[in-house]
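Number of protein chains: 2
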Amino acid sequence: MLIVRELSLGPRRFTDLRGGLPGIATNLLAERLRSLEGAGVLERHEVSRPLPGVLYRLTERGEALKPILRDLARWGAPLMLQGQGDDAFDGRWLVFLAELLYSDMSTEGVAPLVMAVSNGAETISILVERDSVRIEPAEEPTADVRIEADPSTLFAILSGQLTPEQAEASGTAVIKGNTRARKRLATLAARVGLIPAPS
Amino acid sequence: MLIVRELSLGPRRFTDLRGGLPGIATNLLAERLRSLEGAGVLERHEVSRPLPGVLYRLTERGEALKPILRDLARWGAPLMLQGQGDDAFDGRWLVFLAELLYSDMSTEGVAPLVMAVSNGAETISILVERDSVRIEPAEEPTADVRIEADPSTLFAILSGQLTPEQAEASGTAVIKGNTRARKRLATLAARVGLIPAPS
DNA sequence: CTGCATCCGCTTCGATACTG
DNA sequence: CAGTATCGAAGCGGATGCAG
Chain A
2 MLIVRELSLG
12 PRRFTDLRGG
22 LPGIATNLLA
32 ERLRSLEGAG
42 VLERHEVSRP
52 LPGVLYRLTE
62 RGEALKPILR
72 DLARWGAPLM
82 LQGQGDDAFD
92 GRWLVFLAEL
102 LYSDMSTEGV
112 APLVMAVSNG
122 AETISILVER
132 DSVRIEPAEE
142 PTADVRIEAD
152 PSTLFAILSG
162 QLTPEQAEAS
172 GTAVIKGNTR
182 ARKRLATLAA
192 RVGLIPAPS
Chain B
2 MLIVRELSLG
12 PRRFTDLRGG
22 LPGIATNLLA
32 ERLRSLEGAG
42 VLERHEVSRP
52 LPGVLYRLTE
62 RGEALKPILR
72 DLARWGAPLM
82 LQGQGDDAFD
92 GRWLVFLAEL
102 LYSDMSTEGV
112 APLVMAVSNG
122 AETISILVER
132 DSVRIEPAEE
142 PTADVRIEAD
152 PSTLFAILSG
162 QLTPEQAEAS
172 GTAVIKGNTR
182 ARKRLATLAA
192 RVGLIPAPS
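These protein sequences, in sequence, are chains A and B.
Position one of the first sequence corresponds to residue 2 (the numbering used here), numbered consecutively onward.
Position one of the second sequence corresponds to residue 2 (the numbering used here), numbered consecutively onward.
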């Protein structure tokens with residue numbers, strides 16, 4: 002599952018996968034890749050640029066796991082509030098997190114809004130339009146709101162567990178944007194319907 | 002996940018769970034149950050009837066995993082065609098299998114139909130009605146078609162990988178029902194859209 | 001540098017015996 | 001029925017080596 006999660010962000014090299022799976026033994030990764038290839042979940046693809054090597058990518062059957070992983074992530078997302086422990090957070094997951102929370106949300110009654118969200122290293126944009134929400138893996142210069150915080154605070158704000166004001170007051174987040182834009186953010190965040198985890 | 006799968010069919014006792022998880026060590030099961038209770042996935046419930054003991058049941062958060070498990074099962078279902086190896090098949094999973102294949106299928110253009118499906122030990126009924134498909138965990142005496150076969154053949158027939166005639170010819174299935182009913186079965190089975198697994 | 005294979009210490013597991 | 005205790009076997013994380 003972790004390998005599929007990595008590949009769900011796009012084709013990756015052996016070394017990229019290693020980097021995304023801290024602690025995995027190289028023989029185990031190699032064996033799992035063979036096994037997943039045999040099961041028709043991923044394909045090997047030899048490439049010569051930028052460096053000679055092998056690209057691993059999901060097959061159609063592997064792609065079919067993506068919505069399931071997203072639902073599993075959505076189920077587990079409330080646990081992010083309990084802090085990360087020694088879990089790692091890859092900046093590229095910001096897109097995944099935003100899609101998880103907003104991708105099939107209704108925008109009924111909410112005015113368009115552009116949000117820039119950053120964990121310090123990477124920045125993404127959430128574009129709330131008339132009848133859909135789009136996620137972009139880059140910073141929109143026209144953003145109405147800008148939020149910068151650690152992953153678990155970002156999650157707390159985006160999922161409505163923490164208001165922008167509370168997050169700013171606790172000093173864990175820096176937020177820029179006028180009152181109207183913040184209000185629209187709060188309205189959207191309140192629509193994220195997750196079942197909270199205990200304690 | 003396997004424990005949640007077991008509990009997704011209803012509350013179970015320690016011994017029931019053991020029976021549904023062949024090979025699990027009792028200490029491991031006990032530890033997992035404590036862990037899952039702590040994580041808010043299941044609850045312990047002491048009962049005195051029919052025998053004094055403990056019932057385990059999913060919490061609301063645990064119930065939220067059921068559709069995810071169903072989607073995972075749907076993803077993995079094509080692998081049933083490759084035979085079971087030493088995998089076990091619990092007769093109670095027939096309901097799960099039928100729901101997985103038919104529960105949110107459109108019945109447009111298909112006349113009502115009652116099917117009785119049996120693996121020899123348990124029998125369930127699939128009731129195709131005007132605008133929905135219902136699964137019953139019992140045999141309907143009014144069934145238009147009766148199918149009896151081993152789990153992987155049942156799956157092959159119900160998912161349209163094998164026609165009723167092919168299955169009968171190979172001697173792995175016994176099917177009773179007139180031509181019209183068989184034809185409706187084939188039409189429904191063809192609507193199950195699973196991505197086939199390789200070889 | 002990429003993509004592995006090999007080896008080792010440790011954790012975890014399956015199996016079984018036993019208890020309130 | 002609902003677990004706890006114990007033990008050998010298997011699998012894993014981590015370090016290291018090495019061919020293309």
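Where a beta carbon is used, it is the ideal one built from N, C-alpha and C, also for glycine.
A quick note: this is a predicted structure, and the numbers were derived from the prediction, not measured.
>> Is residue 1/B close to chain A? Criterion is C-beta to C-beta, closer than 7 Å.
In response: Residue 1/B is absent from the model: chain B starts at 2 and stops at 200.
> What do you get for residue 6/A, buried or exposed, if any count of 16 or more other CB atoms within 10 angstroms of its CB means buried?
Replying inline: buried
> Three-state secondary structure (DSSP) at residue 56/B?
Replying inline: strand
>> Is there a Cβ of chain B sitting closer than 7 Å to that of residue 4/A, yes or no?
In response: no
> At a CB-CB cut-off below 7 Å, which residues of chain B make contact with residue 41/A?
Replying inline: 198, 199
>> To test your reading of the DSSP string, which unbroken alpha helix (DSSP H) runs of 4 or more residues are found completely within the segment 47–127 of chain B?
In response: 61–64, 67–77, 94–103
> Looking at C-alpha atoms only, which residue of 181/A, 197/A, 157/A is the closest neighbour of residue 190/A?
Replying inline: 157/A
> Would you say the beta carbon of residue 15/B comes nearer than 6 Å to a heavy atom of the ligand COA?
Replying inline: Of ligands this structure carries none, so the ligand COA is not represented either.
> Can you find a CB in chain A that lies within less than 7 Å of the CB of residue 78/B?
Replying inline: no
>> Could you compute how far the alpha carbon of residue 152/A sits from the alpha carbon of residue 91/A?
In response: 9 Å
> Shortest alpha-carbon distance to residue 165/A belongs to which of 118/A, 110/A, 13/A?
Replying inline: 118/A
> Which first and last residues belong to the beta strand (DSSP E) in which residue 4/A is found?
Replying inline: Residue range 3–8 is occupied by the alpha helix (DSSP H) that includes residue 4/A, with no beta strand (DSSP E) assigned at that position.
> Where does the unbroken beta strand (DSSP E) through residue 174/B begin, and where does it stop?
Replying inline: 174–177
> From what residue to what residue does the alpha helix (DSSP H) around residue 33/B run?
Replying inline: 27–39
> Any idea what DSSP makes of residue 14/A, helix, strand or coil?
Replying inline: Residue 14/A falls in the strand class under three-state DSSP.
> residue 47/B touches chain A at which residues, Cβ-Cβ below 8 Å?
Replying inline: Within chain A, no C-beta atom comes nearer than 8 Å to that of residue 47/B; the closest sits roughly 20 Å away.
> residue 136/A CB to nearest chain B CB: under 7 Å?
Replying inline: no
> What does residue 66/A reach in chain B if we use C-beta pairs closer than 8 Å?
Replying inline: 76
>> Between the segment 16–23 of chain A and the segment 41–51 of chain A, can you find at least three pairs of beta-carbon atoms closer than 8 Å?
In response: no
>> Less than 7 Å between the C-beta atoms of residue 65/B and residue 101/B, yes or no?
In response: no
> How would you write the range of the beta strand (DSSP E) that residue 130/B sits in, first residue to last?
Replying inline: Where residue 130/B is concerned, there is no enclosing beta strand (DSSP E), given that its DSSP letter is neither H nor E.
>> Checking the sheet assignment: what are the DSSP bridge partners for residue 137/A?
In response: In the DSSP output, where bridge partners are listed per residue, residue 137/A has 126/A.
> Using the C-alpha atoms, what's the distance from residue 142/A back to residue 93/A?
Replying inline: 19 Å
> How would you list, in chain order, the residues of chain A whose beta-carbon sits under 9 Å from the beta-carbon of residue 62/B?
Replying inline: Chain A residues near residue 62/B: 76, 79, 196, 197, 198, 199.
> Which of helix, strand or coil does DSSP assign to residue 147/A?
Replying inline: strand
>> Quick check on residue 185/B: does DSSP put it in helix, strand or coil?
In response: In the three-state reduction of the DSSP assignment, residue 185/B falls in the helix class.
> Residue range of the alpha helix (DSSP H) that residue 155/B falls in?
Replying inline: 152–159
>> Using the three-state DSSP reduction, which class does residue 45/B fall into: helix, strand or coil?
In response: strand
>> Let me check understanding here. Comparing Cα to Cα, which of 51/A, 23/A, 58/A lies closest to residue 37/A?
In response: Checking every option, the nearest Cα to that of residue 37/A belongs to 58/A.
> To the nearest angstrom, how far is it from the Cα of residue 48/A to the Cα of residue 99/A?
Replying inline: 31 Å
>> For a quick check, are the C-beta atoms of residue 174/B and residue 188/B less than 7 Å apart?
In response: no
> Of the residues 178/A, 179/A, 177/A, 185/A, which one's Cα is nearest the Cα of residue 161/A?
Replying inline: 185/A
> Quick check: the segment 132–150 of chain A against the segment 175–183 of chain A, are there 3 or more CB pairs under 8 Å?
Replying inline: The segment 132–150 of chain A vs the segment 175–183 of chain A: in contact.
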